[in-house]
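Chains as they are written, first to last, in the working numbering: chain E, 18 to 128; chain Z, 4 to 617. Presented below is the structure to which this report refers.
Structure (structure tokens):
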């Protein structure tokens, strides 16, 4: 799975391109944590190119939001499609994230 | 690999000859050797003396017995006048008993018999002779023993027998004794060396451990300095194991204390600690020695370090800027009560960004504590900079048409009152500039709305066929005027989608307007549409001035104008492309560009087809 990282001002937007599942989820987590550390926590997860999330993907998202919660923040998730949003709702972990419609709104939330 | 080296450094002179741990062995070895050799030499001397005395006494006795025996035999033989037999007996006795001399002498000194026949000076013994014989006498001089026995020969006279013999050295001669002593000494020394080697191997470890113990009692704590080379044997290995266990125990105790301290810190804070962890700003408490007493999660993230490592550590390991450390020291230890705010720009190598440190003292009765609040203001700084640039650019863009309007209003007032042609020309320009001003203001408002998230999209039916026809009609005359070959290529049937028709039309307007604006006379501009299952794409291709690869993303930023000579000649706010891309992205699509400077550009607008219609 390709993971794009783009800088919007001081905020890094990480955009995984493909399903967040199985071993890809672990690789994605490593890359996300590295960008998170380098960017002092100013990170947005752009889920616009993530068609589906499996149990491993969900676990990864929960681990990431727990990591970010240690610094008093929540994982900012933007542009998630309906399938992903429904999975998050059904598993009851949706409230652990901050949801945004698009990247710009998520980036502006750091102001 | 560990190298063998002295446990405790000693002056070189003391280690030149002896290795570590050997001084003790050497001392003991030399003492034992000395005593051993002395005892051996004394014993030998005493034994030799005793042997010499015994052998001398035995020799005297032997000579005496021989003398008496020979004397009786000589008396008998001389009485019987058996002189030749007597001489034979004397000669045989001299040889048999290894005598130095053995002879019979008359009172006048004439020798009638001798062990050495050549010394006989009276061959024919007289029948009678006069004179008194010598008395019995014994004498010893050194090793030589002499005996003189008187002889009484009936009817003939008196004579005496003289015997002398040298005491034999017994079993050993002096040379033999000295050789034996040398051999025994050498063997003893070899045996001593072997014993020394064995002791040295065994005692080296003990000596080394002893030196290490002395060093430890002198205050040496470094494990490396106290360790003994394992080559010294099991004692050294045992000593090293004790040291290792001590080190591990010390580490465990330190770790346990640190954890205890950490846990007590957490327990003391309780819910307050949890609340501090929920803070998005970093919070650190340090004592007067700059030791960290508390750090929350956000501070650990902002200092880019593990929280456990920061806890209890020296803050200077994580913050190096003296501008920050100095007020922390002052707040923790000094009399100040005021807060200090420092904005620190991090090195680009550390990830860049701007952190704001608020430092203030927390007074307690027992000790001073400084509180540091760290806030990440990087994004605010970026936004501030963007806003300032936006305002500067907007003011600049608005001033140009305003200046023109004011200029032409003045001209109309001054010269146009009497000249309707001038007046009409002025009003035309004012009208155009007002229109331009309106577009700029409209674009700025639209961009602001997009940024503020207040940009409403209408939900119309977007019929691309109609839009393309309209665009062709709108830009046809302009293209003709510039003699640009302006063509539209599209499939016979284009889909209808839901979206904001005006905004999408505005985006296509922008792309086609730019293509015509930046394409020189005689060039080509082609608008082609293509449709697949999920999206519709419009390629606007021109043979214009193009954009360099470095600028392909920047041209979508607000107020950005390409650094190109010909681009600078054209008017434009630098908002069009930014707005077009925002509008398209709000519809889930995007605008991308492929371009070569002076070769032309292709701007591609893609939109997802949400709902297909005939």
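Here a beta-carbon is modelled for each residue, glycine too, at the ideal position from N, C-alpha and C.
{"Item": "Alpha helix (DSSP H) segment containing residue 44 of chain E, residue limits", "Value": "39-55"}
{"Item": "Interface flag, residue 55 of chain E vs chain Z, CB-CB below 8 Å", "Value": "yes"}
{"Item": "DSSP bridge partner residues for residue 317 of chain Z (one or two, in chain order)", "Value": "Z:294"}
{"Item": "Expected contact under 8 Å - CB spacing of residue 149 of chain Z and residue 166 of chain Z to nearest Å", "Value": "7 Å"}
{"Item": "Per-residue burial, residue 581 of chain Z [other beta carbons within 10 Å of its own, 16 or more giving buried]", "Value": "buried"}
{"Item": "One or two residues paired with residue 92 of chain E in a DSSP bridge", "Value": "E:114"}
{"Item": "Delimiting residues of the beta strand (DSSP E) encompassing residue 163 of chain Z", "Value": "160-169"}
{"Item": "Closest residue to residue 129 of chain Z among Z:141, Z:115, Z:140, Z:211 (Cα-Cα distance)", "Value": "Z:115"}
{"Item": "Under the three-state DSSP convention, the category residue 542 of chain Z falls into", "Value": "strand"}
{"Item": "Beta-carbon proximity of residue 361 of chain Z to residue 289 of chain Z, cut-off 8 Å", "Value": "no"}
{"Item": "Contained alpha helix (DSSP H) runs [length at least 4] in the stretch 226-258 of chain Z, N- to C-terminal order", "Value": "226-229"}
{"Item": "Residue closest to residue 112 of chain Z, alpha-carbon to alpha-carbon, out of Z:162, Z:75, Z:139, Z:41", "Value": "Z:162"}
{"Item": "Rounded Cβ spacing between residue 41 of chain E and residue 66 of chain E (contact assumed at less than 8 Å)", "Value": "Not quite, the Cβ-Cβ distance comes to about 13 Å (not below 8 Å), so this is no contact."}
{"Item": "Proximity to residue 94 of chain E [Cα-Cα], best of E:73, E:71, E:122", "Value": "E:122"}
{"Item": "Contact set between the stretch 61-80 of chain E and chain A, restricted to residues whose Cβ is under 8 Å from the partner", "Value": "Of the protein chains in the structure, E and Z, none is chain A."}
{"Item": "Local Cβ density within 10 Å of residue 624 of chain Z, reported as buried at 16 or more and exposed below that", "Value": "This structure gives no information on residue 624 of chain Z, because the portion of chain Z shown stretches from 4 to 617."}
{"Item": "Distance, residue 296 of chain Z Cα to residue 270 of chain Z Cα", "Value": "Legend: pLDDT at residue 270 of chain Z = 49, less than 50; position of this residue unreliable, value from coordinates given subsequently. Between residue 270 of chain Z and residue 296 of chain Z, the C-alpha separation is close to 13 Å."}
{"Item": "Secondary structure of residue 188 of chain Z, DSSP reduced to three states", "Value": "helix"}
{"Item": "Reduced DSSP secondary structure (H/G/I, E/B, other) of residue 529 of chain Z", "Value": "strand"}
{"Item": "Beta carbon proximity, residue 593 of chain Z to chain E, threshold 8 Å", "Value": "no"}
{"Item": "Closer than 8 Å to chain Z by CB, residue 102 of chain E", "Value": "no"}
{"Item": "Cα-Cα separation between residue 413 of chain Z and residue 472 of chain Z, rounded to whole angstroms", "Value": "42 Å"}
{"Item": "Sub-8 Å separation of residue 549 of chain Z and residue 516 of chain Z beta-carbons", "Value": "no"}
{"Item": "Contact set for residue 204 of chain Z: own chain, Cβ-Cβ below 8 Å, skip 5 residues either direction", "Value": "236"}
{"Item": "Neighbourhood of residue 622 of chain Z by C-beta, 7 Å cutoff - its chain only, sequence neighbours within 5 removed", "Value": "Nothing can be reported for residue 622 of chain Z: it is not among the residues displayed for chain Z, which extend from 4 to 617."}
{"Item": "Members of the stretch 19-39 of chain E that neighbour chain Z once the beta carbon cut-off is set at 7 Å", "Value": "26, 27, 28"}
{"Item": "Cβ neighbour criterion (16 or more within 10 Å) applied to residue 45 of chain E", "Value": "buried"}
{"Item": "Positions along the stretch 360-385 of chain Z whose CB lies within less than 7 Å of some CB in chain E", "Value": "379, 381, 382, 383, 385"}
{"Item": "Close-in-space but distant-in-sequence residues of the same chain around residue 310 of chain Z (CB under 7 Å, 5 per side omitted)", "Value": "298, 300, 303"}
{"Item": "Whole-angstrom C-beta distance between residue 305 of chain Z and residue 273 of chain Z, which should lie under 8 Å", "Value": "So it is not a contact: roughly 24 Å between Cβ atoms."}
{"Item": "First through last residue of the beta strand (DSSP E) which encompasses residue 481 of chain Z", "Value": "Where residue 481 of chain Z is concerned, there is no enclosing beta strand (DSSP E), although the alpha helix (DSSP H) it sits in stretches over 467-484."}
{"Item": "Closest Cα partner of residue 326 of chain Z within the set Z:399, Z:605, Z:347, Z:451", "Value": "Z:347"}
{"Item": "Residue 127 of chain E - DSSP class collapsed to helix/strand/coil", "Value": "coil"}
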